[in-house]
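Residue 454 in this note's numbering sits at position 176 of the sequence shown, and the numbers go up by one each step. Here's the structure we're looking at; comments come further down.
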Amino acid sequence: MGAEMIERMTTPEGREIAYEALPGTGPGVVFLGGFRSDMEGTKALTMRNRAIAKGRPFLRLDYSGHGQSSGRFVDGAVGDWFADARAVIAACTRGPQVIVGSSMGGWIALLIARSMPERVGGIVTIAAAPDFTEDLMLREFTREERARLVSEGQIERANAYDPQPYVITRRLIEDGRRHLLLRDELRLPMPARFLQGTADTEVPVAHAYRLFQHAQGPDLRLMLVKGADHRFSTPDCLALVEAQTTELVDRLKTRV
């Protein structure tokens, strides 16, 4: 499907970010991965290969502390990873892009749309997790865990997708509060497609519905896939992601 062309750039904050920017014609697609994910995941590679087959520009990247980028995961926070994505998008793409964000990548995609709407021609989210540090993480902590987070600066929590526990830092929670999206107005002037599995135990359907109800825009759709889990990586789920992405790319072509 084409040899990888991984490049690196240094952000204004001094973080070295690994990315791949594939050339093509027409509007491009940007893929943003999730919490502790990287650009070698199933969804990222599937979208990469389909972009090559269709000759469309495509960008994927590893946030700092993820994959091939510099830094340690435990030192990072949502604001850092948002800044990483924004810097790479600004430097490596031209014109409006269709941003595809998975889980935490959906939160970052929405932050990108809010901060540089002229560069976002459409959004596709997969189990989007805006405000997850506050609403899906901190809310589940026990009183003891909250106390240790304050006194020790971090705690460990088991998860269903990695044999190693996640290290959750106080900085991650506090930084997340500076980037919350579901408390204030969230206007999306571009079309947005929110994809969600009903069997997702990490980001429940209620959270997807809350985002859908909260966001304001002329063309927003929430699509539920019965039985799909958080990975959203079955052939049918991947085909749905591609179909929605292609729809928004094709619509964007008529505007540019």
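Ideal placement from N, C-alpha and C gives every residue a C-beta, glycine not left out.
Inset, instruction - Might you give, ordered along the chain, the residues of its own chain that have their beta carbon closer than 8 angstroms to the beta carbon of THR371, omitting 5 neighbours on each side? - result: ALA299, GLY306, VAL308, PRO335, LEU337 and ARG397
Legend entry - Straight-line gap, GLU294 to ASP316 (C-alpha atoms, nearest Å): 15 angstroms
Legend entry - Within 8 angstroms, strictly: CB atoms of SER380 and ILE401: It is not a contact, given that the beta carbons lie outside the stated cut-off.
Inset, instruction - State the Cα-Cα distance for the pair ARG350 and PRO290, rounded to the nearest angstrom. - result: 18 angstroms
Inset, instruction - On a CA-only basis, which of ASN327, ARG426 and ALA391 is nearest ALA493? Give me that one, please. - result: Among ASN327, ARG426 and ALA391, the Cα nearest to that of ALA493 is on ALA391.
Inset, instruction - Answer yes if the segment 501 to 508 comes into contact with the segment 466 to 479, meaning at least three C-beta pairs across the two stretches below 8 angstroms, and no otherwise. - result: yes
Inset, instruction - Measure the C-alpha to C-alpha separation of GLY304 and ARG455 and round it to an integer number of angstroms. - result: Just so you know, the alpha carbons of GLY304 and ARG455 end up roughly 37 angstroms apart.
Legend entry - the segment 351 to 362 / the segment 323 to 335 touching (three or more Cβ pairs under 8 angstroms): no
Legend entry - Between the CA atoms of PHE472 and PRO443 - distance to the nearest angstrom: 28 angstroms
Legend entry - Cα-Cα separation, LEU526 to LEU310: 16 angstroms
Legend entry - Nearest to GLY384 (by Cα), restricted to the options ASP409, ILE367, PRO374 and PRO395: That would be ASP409, whose Cα lies nearest to the Cα of GLY384.
Inset, instruction - Locate the beta strand (DSSP E) running through ARG471, then write down its first and last residues. - result: 470 to 475
Inset, instruction - State buried or exposed for THR420, treating a residue as buried only when at least 16 other CB atoms are found within 10 Å of its CB. - result: In summary, THR420 is exposed, with fewer than 16 beta-carbon neighbours lying within 10 Å of its beta-carbon over all protein chains present.
Inset, instruction - Less than 8 angstroms between the CB atoms is what I'm expecting for TRP359 and ILE386, so what's the real figure, rounded? - result: 6 angstroms
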